[in-house]
Amino acid sequence: MATWNLQGTKHHVLICNGGSCMRKGGEEVTQAIRDEIDQLQLHADVHTTRTRCNGRCEDACVVIVYPEGVWYRTIDEHVARDIVRKHIRDGDMLCDYVTYTYDESFKMPKYSQATRGKEK
133 MATWNLQGTK
143 HHVLICNGGS
153 CMRKGGEEVT
163 QAIRDEIDQL
173 QLHADVHTTR
183 TRCNGRCEDA
193 CVVIVYPEGV
203 WYRTIDEHVA
213 RDIVRKHIRD
223 GDMLCDYVTY
233 TYDESFKMPK
243 YSQATRGKEK
């Protein structure tokens, strides 16, 4: 196991590797994101973490990008690469796939087509 120096990291990408996400291509999404980061030489700017379930199984496969706190849903390997190119490199959210954004608390944008889910 490595201990990474995260100083200077600009984005943290959390990739759900819980059961539902793995059944819907979580491994391929993880590899596509990491491969695109390598191809674009963004490793110094981006840290990725595989997570367990994030509690949005209907939205599988889920990818979360910080510091913006954008939760993406129904991601496949092609959209995963777009997240790296368009969101991380260019600063443009992929609105068609957004479930939540973060602004002092999580908010579901009006354009989000995701299921709201159960209240906590």
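Sequential numbering from 133 applies to the sequence shown in the working numbering. For every residue, glycine included, the Cβ atom is placed at its ideal position computed from N, Cα and C. Predicted, not measured: the structure shown is a model, and the values here were computed from it.
Please confirm if the region 138-152 is in contact with the region 187-204, defined as three or more CB-CB distances below 8 Å between the two stretches.
yes
Among ASP177, ASP170, GLY187, LYS142, whose alpha-carbon lies nearest the alpha-carbon of TYR232?
Checking every option, the nearest Cα to that of TYR232 belongs to GLY187.
The alpha helix (DSSP H) enclosing VAL211, as first and last residue numbers:
Boundaries of the alpha helix (DSSP H) harbouring VAL211: 209-214, taken from the DSSP string.
Taking ILE183 as the reference, give the member of ASP214, VAL197, ASP177 with the closest Cα.
According to the sequence as given, residue 183 is Thr; it is not Ile. THR183 has its Cα closest to that of VAL197, out of ASP214, VAL197, ASP177.
Based on Cα-Cα distance, which residue from ASP222, TYR229, THR135 lies nearest to HIS143?
ASP222
Judging by CA-CA distance, which residue of MET154, ILE220, GLY158 is the nearest neighbour of GLN173?
ILE220
Can the beta-carbon of ALA164 be found less than 7 Å from the beta-carbon of GLU200?
no
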